[in-house]
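Colleague: Before we start, here is the structure in question, set down as structure tokens.
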Amino acid sequence: RVMHVCMPMEGFENEVPPPFGEMVPFIDMVGGPLPADMLETITFRANIAMPNEWAGLVVWEGGKYKLIEPAPISATPHRVEYSSAGIDPQTVVLDCHSHGALPAFFSETDDADDRSMASPCFFAGVVGNLNRTPQFTRRLVVNGRFFHRCGDIWLPQHIARTMIELMKEEPEDGHDNES
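Residues in the sequence shown are numbered from 254 upward in steps of one, following our numbering.
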């Protein structure tokens with residue numbers, strides 16, 4: 254496994270208390286946080302693909318994170334399709350794509366794509382606004398469920414855990430853009 258996750262599920266807050274004590278949310282990634290320069294590389298590669306969308310997968314392979322750019326089946330300014338054949342879904346840490354000049358957000362198409370991924374637990378990311386100041390948004394996907402309040406995957410885990418606690422109090426708007 255490349256990730257070990259414990260997150261609260263909406264709708265179960267007032268149910269029977271957990272049998273093993275208070276649930277403390279956490280996300281542990283086998284290699285720690287993603288290298289900060291990986292976001293720069295993702296943004297750079299997405300810029301090259303403009304005006305079309307771009308897609309990439311970050312996998313844990315050979316004891317390190319690796320960016321894989323599957324060959325697109327089709328790419329337009331509004332959609333990118335690719336095959337992940339040959340990529341072990343258990344190694345996927347981040348499934349990322351671009352929205353080109355559009356803002357970074359998760360569309361209904363993105364929702365459907367993320368729910369259909371073979372990987373049971375991964376981060377989904379969108380980079381956008383590439384013609385100005387790039388934006389990046391991410392969410393955790395666990396068995397087709399989305400968790401927008403999931404800390405920062407580029408920060409050390411103890412800081413990310415603190416962020417998860419702080420974000421529990423933030424209103425959820427579904428579009429948590431980051432610069």
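For each residue, glycine too, the CB sits at the ideal point set by N, CA and C.
Three-state secondary structure (DSSP) at S369?
Modeller: Residue state, collapsed to three classes: helix.
Colleague: Take the Cβ of G315 as the centre, count every other Cβ of all protein chains shown within 10 Å, and call the residue buried at 16 or more, exposed below.
Modeller: Answer is exposed; the Cβ neighbour count stays below 16.
Colleague: Taking the C-alpha atoms as reference points, what is the distance between S337 and W313?
Modeller: Their backbone Cα atoms lie some 15 Å apart in a straight line.
Colleague: First and last residue of the beta strand (DSSP E) that includes A326?
Modeller: Per the sequence presented here, residue 326 reads as Ile, with Ala not at that position. Element bounds for I326: 325-329.
Colleague: Please report how far the alpha carbon of I326 lies from the alpha carbon of F273, in whole angstroms.
Modeller: Each residue's alpha carbon lies about 47 Å from the other.
Colleague: Which partner residues of Q388 appear in the DSSP bridge assignment?
Modeller: DSSP, once it has assigned bridges, lists G381 as partnering Q388.
Colleague: Which residues in the same chain as V345 place their Cβ atom closer than 6 Å to its Cβ, once the five residues preceding and following it in sequence are excluded?
Modeller: The answer, listed in chain order, is L310, V312, S372, F375.
Colleague: Quick check on DSSP: helix, strand or coil for R402?
Modeller: Three-state result, R402: coil.
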